[in-house]
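Trainee:
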Amino acid sequence: MIDINLIRENPELVKAGVARKHYDAGIVDRVVALDKERLDLLQKVEELRHERNEISKNDSPENREKGKEIKEKLKEIEPQLEKAEEQLNTAFQGIPNLPQDDVPEGEGEKDNKVLREWGEPKKFSFTPKDHVELGKELDIIDFEKAAKVSGSDFYYLKNDGVLLELALVNYGIRFLIERGFTPMITPDLAKERYYLGTGYLPKGDEAQIYTVQGHDLGLIATAEVTLAGYHADETLNKKDLPIKYAGYSHCFRQEAGAYGKYSKGLYRVHQFTKVEMFAYTKPEDSNNMLQEFLKTEEEFWQSLEIPYRVVEMCAGDLGSQATQKYDLEAWMPGRNDWGEVTSTSNTTDYQARNLNIKFRDGDETKYVHMLNGTLFAASRAPIAILENNQQEDGSVVIPEVLHPYMGKDKIEK
RNA sequence: GGAGAGGUCGCAUAGUGGCCUAGUGCGCGCGCUUGGAAAGCGCGUAUACCGCAAGGUAUCGAGGGUUCAAAUCCCUCCCUCUCCGCCA
553 MIDINLIREN
563 PELVKAGVAR
573 KHYDAGIVDR
583 VVALDKERLD
593 LLQKVEELRH
603 ERNEISKNDS
613 PENREKGKEI
623 KEKLKEIEPQ
633 LEKAEEQLNT
643 AFQGIPNLPQ
653 DDVPEGEGEK
663 DNKVLREWGE
673 PKKFSFTPKD
683 HVELGKELDI
693 IDFEKAAKVS
703 GSDFYYLKND
713 GVLLELALVN
723 YGIRFLIERG
733 FTPMITPDLA
743 KERYYLGTGY
753 LPKGDEAQIY
763 TVQGHDLGLI
773 ATAEVTLAGY
783 HADETLNKKD
793 LPIKYAGYSH
803 CFRQEAGAYG
813 KYSKGLYRVH
823 QFTKVEMFAY
833 TKPEDSNNML
843 QEFLKTEEEF
853 WQSLEIPYRV
863 VEMCAGDLGS
873 QATQKYDLEA
883 WMPGRNDWGE
893 VTSTSNTTDY
903 QARNLNIKFR
913 DGDETKYVHM
923 LNGTLFAASR
933 APIAILENNQ
943 QEDGSVVIPE
953 VLHPYMGKDK
963 IEK
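In my numbering, the protein residues as written are 553 to 965.
1) If we call anything under 8 Å between Cβ atoms a contact, is I937 one with P951?
2) Please classify E849 as buried or exposed, where buried requires at least 16 other C-beta atoms within 10 Å of its C-beta.
3) Tell me whether D889 sits in a helix, a strand or coil according to DSSP, three-state version.
4) How close, in whole Å, do the beta carbons of I761 and Y747 come, if the pair is a contact with beta carbons under 8 Å?
5) Compare the C-alpha of G703 against each of R582, V821, L741, L709 and name the closest.
6) Tell me the rounded alpha-carbon separation between E564 and I554.
7) Is the number of C-beta pairs between the region 828 to 837 and the region 638 to 646 that are closer than 8 Å three or more?
8) Please classify P735: does DSSP put it in a helix, a strand, or coil?
9) For D740, which three-state DSSP category applies?
10) Report all residues from its chain with a CB closer than 6 Å to the CB of E939; omit the five preceding and five following residues, and keep chain order.
11) Using 8 Å as the threshold, is the C-beta distance between K665 and E864 below it?
12) Does DSSP classify L793 as helix, strand or coil?
13) With H, G and I counted as helix, E and B as strand and the rest as coil, what does DSSP make of H802?
14) Whose C-beta lies closer than 6 Å to the C-beta of A929 among residues of the same chain, with five residues either side of it excluded?
15) Only counting the same chain, and skipping five residues up and downstream in sequence, which positions put a Cβ closer than 8 Å to that of P680?
16) On the DSSP letters alone, give me the boundaries of the alpha helix (DSSP H) that R582 sits inside.
17) Using 8 Å as the threshold, is the region 766 to 784 in touch with the region 799 to 807, meaning 3 or more CB pairs across them?
18) Does the separation of the CB atoms of V584 and I647 fall below 8 Å?
19) If you draw a straight line from the alpha carbon of R572 to that of G658, how long is it in whole angstroms?
20) Under 6 Å Cβ to Cβ from E807, same chain only, skipping five residues before and after it: list those, please.
21) Closest to T738 by C-alpha separation, out of G766, E744, A775, V721, would be which residue?
22) Thinking just about the alpha-carbon of each residue, which of G578, A568, Y723, K847 is nearest to the one in Y860?
23) F973: buried (16+ other C-beta within 10 angstroms of its C-beta) or exposed?
24) If we ignore side chains and look at the alpha-carbon of each, how far apart do P934 and A882 end up?
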């Protein structure tokens, strides 16, 4: 959530930011009204409680009578206050984080800005195959058996497909350790507070998360959930900041209603493995950290020798949490187009306020800033590797940096 | 999963209906003392919200309930520890 004081003091500023994200700016007025209503009721309730506290210091028949009266009044007003608080919270949580000033204007994907390209989209002297075909021919990915056992959009990895994922994970984690990240393997399930607190909800859609029947648990859609929750309700030491984690987890997404050629094969699946970067910083450092994350992603994908481009999200495509966001899109010959492989966001103090994560700065405690960024998803990275590195004979050359982890330099039949 | 014991202001503990505005010890901070230090002594040491302020309200694992009044009584849940069971 954003700072309620910002809304009280400068509702117009908030409205402008909300409008840039193409959310309904009327929500700000609703919050202002509900906030006032809540304050009025809060004052009444506190006055009555004060009276009650005074009375119970001296026991007498008269005071017992007075106490009974107060009890009755409170019974009436307290539920009203509760309801007002609930309404305020619901409306308030609908207010997204505000975009940074220099974020490009725009409504959605079509308005995102390509900042630069690295590498050349491959040209083949033969007709390239897509990863689904390659995966089947090389016997390293099996969608059909997974469909039988788990349903559509699940997959088995086999043979060198397994080695490739493990190599990527091993290489990726070491890559981040060298850059000062603390490696973490996190739980794959988390309580509602955490998977909602990180706001893994696309605009208005709650159906993204798988939940466990009979328990307050959901399968995480990203390690961002568990890495953000790690320090929930803590006050961190200023001297420990920034804290940088490299998270390894499985990710689970329902992806309801996502079909079509752009969702083919590994591109959109219900479960995948991901190595995620996460950072807690001082407020003044978060913009630099976002650039550091982006640079780290670029260095990683360059080391894999995959052509990619950097895209800055426009205000309308930031989602509720981010103030600024960059994606890397890798070249995918199978679709003859770019495909998103990473995403890095600065959520500033928005998640920190949801999860109550602060740091001590002298006499003051302030909210930390929190950032996340994908190093790679072990579903989409193999798409790029298989499709870009395929040879005419159907084999696939492994990126050099993975050779030591893979134990070979080529996947062949 | 079963049985038992617990969860109190940074840490350790006291508190079993109104004297709790939560005591004490440790730690920490400031001051006195000292040539300097230790000890000793004194004072102060949570968070959030409302309020210009004085001050007020809430929080004793969480949520409900009983009562004029709840850390304290009742119910539900969560977590930790010990033992048992089961398993990797």
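For glycine and all other residues, C-beta sits at the position ideal for the given N, C-alpha and C. Just so we're clear, the structure is a prediction, and the values are computed from it rather than from any experiment.
Mentor: Result, derived from the coordinates:
1) In this structure, P951 lies closer than 8 Å to I937 by Cβ.
2) Buried.
3) Here D889 sits in strand by DSSP.
4) With a beta-carbon spacing of about 6 Å, I761 and Y747 fall inside the 8 Å limit used to define contacts.
5) Of all alpha-carbon atoms in R582, V821, L741, L709, the one lying nearest the alpha-carbon of G703 is that of V821.
6) Those two C-alpha atoms are separated by around 14 Å.
7) Verdict: no, contact absent.
8) Looking at P735 - three-state DSSP - the assignment turns out to be strand.
9) The answer is coil: DSSP assigns D740 none of H, G, I, E or B.
10) Within the same chain, H683, M884, P885, G886 come within 6 Å of E939 by CB-CB distance, once the 5 residues on both sides are set aside.
11) In contact: K665 and E864 (Cβ atoms closer than 8 Å).
12) In this structure, L793 counts as coil in the three-state DSSP scheme.
13) Taken through DSSP and simplified to helix, strand or coil, H802 comes out as strand.
14) Around A929, the same chain offers F824, K826 as residues with beta carbons nearer than 6 Å, after the five sequence neighbours per side are excluded.
15) Excluding sequence positions up to five before and after P680, its CB lies within less than 8 Å of the CB of K674, P885, G886, E939, Q942, all in the same chain and listed in chain order.
16) The continuous alpha helix (DSSP H) containing R582 extends over residues 578 to 607.
17) Touching, yes, given that three or more Cβ pairs across the two stretches are closer than 8 Å.
18) Against a cut-off of 8 Å, the Cβ pair of I647 and V584 comes out as no contact.
19) Cα to Cα, the separation comes out at about 8 Å.
20) Once the five neighbours on either side are set aside, the close Cβ partners of E807 are R820.
21) Checking every option, the nearest Cα to that of T738 belongs to A775.
22) Nearest of G578, A568, Y723, K847 to Y860, Cα basis: K847.
23) Nothing can be reported for residue 973, as the shown portion of the chain is limited to 553 through 965.
24) Using only the alpha carbons, I get a separation of about 11 Å.
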